[in-house]
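Engineer:
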């Protein structure tokens, strides 16, 4: 055992990564906040979309058969227009030979424009009681509706029976619809029709307080005299018949321009208009009917449809109606107008975003399932190929190799690492490169070697320069043509080195990836990572091996031809994923990189969520750096071009794009559970989980692991995977904002002992 120390202790110049460390650290918090805001924005868009479609907070209850003893008789027996002018309930009837044509449940992009076209053809106005969520989705239709001289009223925002709702919910339904109208057409309205209402004699003790409260707020509630029942689709003749009032009587007539298939309504409407005109009827709006009736009663000031004493529906800056036929409208100004436009804008974003996300979900789903299929097929082929009895790489490799152990503050682990190497069945020299440790790592390494009687250990001390520099120092100091690289917290199985170097019998092989396993798997976090290592890493490596585009030799266990390492310039400090960087460089230089499943090493995975975040943040960001660094391979010729056009797309799709957008699966699952069909969404999620379990079980079988850890997989999907999504999104934001990270040392416990103690 020999020790090399620097002859002089000079203050070294900071590395490039260290020079930007301060700046990067200062930028991390804003990037975390930005990642959180993106997630919040996506959640908000989904919630808004669900609310617009009345699928969140929806209430399908409809009250029937309730008593009406608390409702005044004059209201039950009165006309279809109810106001509370002066605080007293007053009803107004539609004058004789007059039709107040009304439409409920719109606007609808298919049927409402057809209704408007018919009204324009016959030059008659109508009153549309619109649903706020539909207004916010189709604002241009409402604008056309108002511009054509029609009147609009509120039909709530989500089409709920208000008799079941709290005062706060009632106010919200009204106010949100007013904002939608303000944003769509620049108006608010004083007219209201309750969903599921009919004639005034159907008012009961539960709905009466709602009408009274809204009347006190200045709303005019509108009911029905004749109902076409067109929603039942009984046929054109019956729709016309049911909508026709008794001879000579005026009526508030109900049709629907939305809420279902309305082709019969479209066919019946012209026939109905012509029939009523032939009978001498005129058509008007609700406000027009009120004005006409009051004029007939003695010319009283028209105003019952213009709002109550406090004028609340008009909002800020409410003014006079735009015309006699639109007396219920108020011009929206001030905060009401701007809030309404903001609502319409937000809805437009949601209406655009959700379909795009749906397409993205389909693409991601295909990519995820395609990856699973590729892994299963290629992993099986790889296993059968490499484990058949006659397979070999060539003549057995028995030449000694150099094992390089970079170590920075590894006092808890270095002794276990050396003890595992002491049991190696292959001749080795061990080079421990102490990268400026401050915890006595080098002394512990020398003492451990001495106690174990190891004469093949060299401890080299250097000023702290980072892991790549330590590895390069080890490569330069190596005595043999093959170098094995491992982490200072890793332990090798006795046969690991011998198995790892056998592929070098093939002169085309420049690097070999070993099989890294999680040693501290008895915690929840450790078990999650164990599943990830066996399934996500090792199945992937089998697939990439056969495709000859493996992107990463794991830092925990990998072997290289020394000449190949020197040929590509050694370990680079350009990225935080030096293992990925050099692996890609090997491919581009024409060397073959393979996976040796039988070379097993046990590593200590991060023991806390904070440490796990730090590690995976560095890994994912470093991978992005390495891919960007080697982007020219996409247009290169020869081996470099082959990797660029095969390996680079696969890595980008499977390790960046798909994981970034994979949260769509979970987002839409939650969305569907809450807003659509809980049972169907749950079954779909369980089906995807079953596919993942199948892949994981096969991976565990290939690695001869115990299946009991798969019991943690459902919880892993609910918690661990979400964290990995956020880590990758965080890394993408860092990359897009031009940030840099520094190497982050993880806290080690040394609980992963010799391989025998790291039982499965």
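In this note's numbering, the protein residues as written are 297 to 1056.
Backbone N, C-alpha and C fix where the C-beta goes; we use that ideal spot for every residue, glycine too.
How long is the line joining the alpha carbons of residue 676 and residue 828, rounded to whole angstroms?
Structural biologist: Cα to Cα, residue 676 sits roughly 18 angstroms from residue 828.
Engineer: Provide the residue span of the alpha helix (DSSP H) that contains residue 921, from first to last.
Structural biologist: Element bounds for residue 921: 905-925.
Engineer: On the criterion of 16 or more Cβ atoms from any shown chain inside 10 Å, does residue 490 qualify as buried, or is it exposed?
Structural biologist: Residue 490 is buried by the Cβ-count criterion.
Engineer: With the cut-off set at 8 angstroms, would you say residue 860 and residue 885 are in Cβ contact?
Structural biologist: Result yes, Cβ atoms of residue 860 and residue 885 sit closer than 8 angstroms.
Engineer: Do residue 864 and residue 853 have their C-beta atoms closer together than 8 angstroms?
Structural biologist: Contact flag unset, no.
Engineer: Which residues does DSSP pair with residue 580 in a beta bridge?
Structural biologist: The partner list for residue 580 (beta bridge, DSSP) reads 396.
Engineer: Suppose the cutoff is 7 angstroms on Cβ atoms and the five residues either side in sequence are ignored; what does the same chain contact list for residue 566 look like?
Structural biologist: So the qualifying residues of the chain are 414.
Engineer: Just checking my contact of residue 380 with residue 398 at CB under 8 angstroms: how many whole Å lie between their CB atoms?
Structural biologist: The pair is not a contact, with the Cβ atoms about 20 angstroms apart (cut-off 8 angstroms).
Engineer: My output table needs one value for residue 952: the three-state DSSP class, helix, strand or coil.
Structural biologist: Residue 952 falls in the helix class under three-state DSSP.
Engineer: Quick check: the Cα distance between residue 836 and residue 790, rounded to an integer number of angstroms?
Structural biologist: Their Cα atoms are separated by approximately 25 angstroms.
Engineer: In its own chain, which residues sit with a C-beta less than 7 angstroms from the C-beta of residue 481, not counting the 5 before and 5 after it?
Structural biologist: Cβ neighbours of residue 481 beyond the five flanking positions: 438, 439, 442.
Engineer: Have a look at the DSSP bridge pairing and note the partners of residue 641.
Structural biologist: Residue 641 pairs with nothing; no bridge assigned.
Engineer: Under 8 angstroms between the Cβ atoms of residue 554 and residue 522?
Structural biologist: No, they are not a contact pair.
Engineer: Starting from the Cα of residue 995, find the closest Cα among 926, 510, 542, 839 and give me that residue.
Structural biologist: Residue 995 has its Cα closest to that of 839, out of 926, 510, 542, 839.
Engineer: Are three or more beta carbon pairs between the stretch 511-520 and the stretch 661-679 nearer than 8 angstroms?
Structural biologist: No, the stretch 511-520 is not in contact with the stretch 661-679.
Engineer: Would you kindly work out how many angstroms separate the C-alpha atoms of residue 892 and residue 761, rounded to a whole number?
Structural biologist: If you take the alpha carbons of residue 892 and residue 761, they lie about 31 angstroms apart.
Engineer: Looking at C-alpha atoms only, which residue of 692, 786, 642 is the closest neighbour of residue 802?
Structural biologist: Among 692, 786, 642, the Cα nearest to that of residue 802 is on 692.
Engineer: To the nearest angstrom, how far is it from the Cα of residue 772 to the Cα of residue 655?
Structural biologist: Approximately 52 angstroms, taken between the alpha carbons.
Engineer: Please name the residue in 507, 569, 936 whose C-alpha comes closest to that of residue 524.
Structural biologist: With distances taken between Cα atoms, residue 524 lies closest to 569.
Engineer: Once the 5 residues before and after residue 912 are set aside, which same chain residues still bring their CB inside 6 angstroms of it?
Structural biologist: Same-chain partners within the cutoff: 1023.
Engineer: Residue 696 and residue 729: beta carbons closer than 8 angstroms?
Structural biologist: Going by C-beta atoms, residue 696 is not nearer than 8 angstroms to residue 729.
Engineer: Using alpha carbons as the reference points, say which of 1025, 1003, 985 lies closest to residue 1012.
Structural biologist: Nearest option by C-alpha distance: 985.
Engineer: Out of 461, 1015, 1027, 870, which one is the CA nearest neighbour of residue 910?
Structural biologist: The candidate whose alpha carbon is nearest that of residue 910 is 1027.
Engineer: Buried or exposed: where does residue 874 fall if 16 or more other Cβ atoms within 10 Å of its Cβ makes it buried?
Structural biologist: Label assigned to residue 874: buried.
Engineer: With distances taken from CA atoms, which of 460, 556, 797, 394 is nearest residue 576?
Structural biologist: Nearest C-alpha to residue 576: 394.
Engineer: Tell me which same chain residues have a C-beta within less than 7 angstroms of the C-beta of residue 928, skipping the five on either side of it?
Structural biologist: Here the set comprises nothing.
Engineer: I'd like to confirm the pairing. Which residues does DSSP put opposite residue 758 in its beta bridges?
Structural biologist: 731, per the DSSP bridge assignment.
Engineer: Quick check for students: name the residue ranges of the alpha helix (DSSP H) that lie wholly in the stretch 841-878, counting only runs of 4 or more.
Structural biologist: Taking only runs of at least 4 residues, the alpha helix (DSSP H) segments lying wholly in the stretch 841-878 are 858-863.
Engineer: Identify every residue that forms a DSSP beta bridge with residue 627.
Structural biologist: Note: residue 627 sits in a beta bridge opposite 483.
Engineer: Report the residue from 451, 419, 409 whose alpha carbon sits nearest the alpha carbon of residue 428.
Structural biologist: The shortest C-alpha separation from residue 428 is found at 451.
Engineer: Extract the residue ranges of the alpha helix (DSSP H) inside the stretch 423-511, only unbroken runs of 4 or more that lie entirely within it.
Structural biologist: Segments of the alpha helix (DSSP H) lying fully in the stretch 423-511: 428-433, 435-443, 463-481.
Engineer: From residue 908 to residue 475, what distance separates their C-alpha atoms?
Structural biologist: Answer to the nearest angstrom: the Cα atoms are 46 angstroms apart.
Engineer: Tell me whether residue 704 sits in a helix, a strand or coil according to DSSP, three-state version.
Structural biologist: In the structure shown, residue 704 sits in coil (DSSP, three-state: anything other than H, G, I, E or B).
Engineer: Where residue 537 and residue 369 are concerned, what is the direct C-alpha to C-alpha distance, given to the nearest angstrom?
Structural biologist: The alpha-carbon atoms of residue 537 and residue 369 are separated by roughly 29 angstroms.
Engineer: Pick helix, strand or coil for residue 419, following the three-state DSSP scheme.
Structural biologist: Reduced to three states, the DSSP call for residue 419 is coil.
Engineer: Using a Cβ distance threshold of 8 angstroms, determine whether the stretch 746-755 contacts the stretch 779-786, with at least three qualifying pairs required.
Structural biologist: Short answer: they don't touch.
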